[in-house]
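As structure tokens, the structure follows; a few thoughts come after it.
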Amino acid sequence: MDQSVFGSSMFLCLLLVLITWNNVVVVPQAEARAFFVFGDSLVDNGNNNYLLTTARADAYPYGIDYPTHRATGRFSNGLNIPDIISERIGSEPTLPYLSPALDGERLLVGANFASAGIGILNDTGIQFINIIRISRQLQYFEQYQQRVSALIGAEQAQRLVNQALVLITLGGNDFVNNYFLVPFSARSRQFALPDYVVYLISEYRKILVRLYELGARRVLVTGTGPLGCVPAELAQHSRNGECAADLQQASALFNPQLVQLVNQLNSEIGSVIFISANAFASNMDFISNPQAYGFITSKVACCGQGRFNGIGLCTPVSNLCPNRNVYAFWDPFHPSERANRLIVETFMIGDTKYMNPMNLSTIMHLDSRT
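Under my numbering, the residue at position 321 of the sequence shown is numbered 316, and the numbers go up by one with no gaps.
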């Protein structure tokens, strides 16, 4: 017998004896759960790279701090929120659903269906031309399940989906790239802002119900961040760096109604399926007091041009800060990787101010027992 194999066997036997001797129970680590992501540019891992669209992040300096130092389609200098959640729950990062690499065993990790520019409504983001609207993302989720069924069987596929963690991030573009996109937009002529929010929530309800019908049983639903405080809005609407009041009002109307919707759905189903993540509070912590979190500014984007580096897109000819860790915003709309890490931390361990009815650490603990 090969000596190294013999040695390994002896070591394992000795270890087993020691464990038995000390009456130690070794619990095998649970397999990492699958992770599915739906939504917009805050959570898109690169689906838009495969589409003819203007909503892209596939060129330098995007990805400058990503492990490969290359643009991946993430609207970040490095990792985005889904990447960091995967890291925290012990999973591999999910691949974009449109990636040819998402095949075979890689499917069992989950999939990212998100697409930059989309919203709750189908007319949100029409200026970006070809994007994966939320109804299409849900169709892809059905298609994904058929592919996994062919791989591991229908029963196992259903179990994988039921036990998965799901993240959905929608709503910001319905305000920024629809209602407030231009003065007297079609939607602002159709609805007063409070009525528009009620309409959005009614449409979001259909989306969440469909997710449940498709087997999702643990769904993090993020509200909008402080839309009026991003550098793009400061550049257009702010005199001295104060947040844009109309967009802040939109968030203030939308987010509590989304929490109410989540609570209603859980009550109707009779189980905690949907969990509200208060992205507004998570962002406002470091936006209102950047120095307390190690940032030098929460008003100026790291990459951009014009006032607050908030005009236009982040491109190779933009101003680029030398240290992304001290900027809360990477580009005119999106947080830096370090800010994303702070946001995910509130998802993991935040109290009910941030996570309702429980945080992600509690979810992981509960689910590991069942």
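Think of the CB as a built atom: it goes at the ideal place given N, C-alpha and C, for glycine as much as any other residue.
{"query": "Beta-carbon contacts of residue 336 that lie in its chain and below 7 Å, excluding the five residues immediately before and after", "result": "79"}
{"query": "Per DSSP, the bridge partner or partners of residue 350", "result": "272"}
{"query": "Contact belief for residue 77 with residue 38 at Cβ below 8 Å, rounded distance in angstroms", "result": "5 Å"}
{"query": "Residue 262, buried or exposed, once every other Cβ within 10 Å from all chains shown has been counted against 16", "result": "exposed"}
{"query": "Residues bridged to residue 215 [DSSP beta-bridge criterion]", "result": "162 and 270"}
{"query": "Three-state secondary structure (DSSP) of residue 312", "result": "coil"}
{"query": "Straight-line gap, residue 27 to residue 86 (C-alpha atoms, nearest Å)", "result": "5 Å"}
{"query": "Of the listed residues 33, 209, 344 and 114, nearest to residue 194 (C-alpha basis)", "result": "114"}
{"query": "Own chain partners of residue 17 with C-beta closer than 8 Å, once the 5 adjacent residues on each side are dropped", "result": "Low local confidence applies: a pLDDT of 35 at residue 17 is under 50, so the model's placement there is unreliable, and no value is given."}
{"query": "Exposure label - residue 118; buried when at least 16 CB within 10 Å", "result": "exposed"}
{"query": "Inter-residue spacing [alpha-carbon to alpha-carbon] between residue 204 and residue 260", "result": "8 Å"}
{"query": "Proximity below 8 Å, CB of residue 146 to CB of residue 102", "result": "yes"}
{"query": "Length of the line joining the Cα atoms of residue 51 and residue 190", "result": "32 Å"}
{"query": "Which listed residue (143, 213, 95 and 60) has its alpha carbon closest to that of residue 360", "result": "213"}
{"query": "Top-ranked residue by Cα proximity to residue 153, from 280, 210, 31 and 59", "result": "210"}
{"query": "Cβ-Cβ distance between residue 215 and residue 126 below 8 Å", "result": "no"}
{"query": "Of the residues 351, 36, 320 and 241, the one placed nearest residue 272, counting alpha carbons only", "result": "351"}
{"query": "Residue from 341, 129 and 318 with nearest C-alpha to residue 353", "result": "341"}
{"query": "Whole-angstrom C-beta distance between residue 249 and residue 219, which should lie under 8 Å", "result": "6 Å"}
{"query": "Chain-order list of residues whose beta-carbon lies under 6 Å from that of residue 143 (same chain, five-residue window excluded)", "result": "102 and 152"}
{"query": "Inter-stretch contact at 8 Å, needing at least 3 Cβ pairs: the segment 218 to 235 / the segment 268 to 283", "result": "yes"}
{"query": "Beta-carbon proximity of residue 304 to residue 296, cut-off 8 Å", "result": "yes"}
{"query": "Residue-level contact to chain C via CB, residue 271, 8 Å cutoff", "result": "Judged by its chain identifiers, the structure shown contains no chain C, having just a single protein chain."}
{"query": "8 Å contact criterion, which residue 366 and residue 242 should meet: CB distance rounded", "result": "Because the chain in this structure spans residues -4 to 365, residue 366 falls outside the shown range and cannot be described."}
{"query": "Status (buried if at least 16 other CB within 10 Å, exposed otherwise) for residue 55", "result": "exposed"}
{"query": "Under 8 Å between C-beta atoms of residue 67 and residue 41", "result": "yes"}
{"query": "Same chain, Cβ closer than 6 Å to residue 29, neighbours up to 5 away in sequence not counted", "result": "105, 155 and 159"}
{"query": "Residues that residue 295 bridges to, as DSSP identifies them", "result": "According to DSSP, which records beta bridges pairwise, residue 295 is partnered with nothing at all."}
{"query": "Span of the beta strand (DSSP E), counted from its first residue to its last, around residue 32", "result": "30 to 34"}
{"query": "Sequence-distant residues of the same chain with beta carbon closer than 6 Å to residue 291, five excluded per side", "result": "321"}
{"query": "Inter-residue spacing [alpha-carbon to alpha-carbon] between residue 358 and residue 267", "result": "10 Å"}
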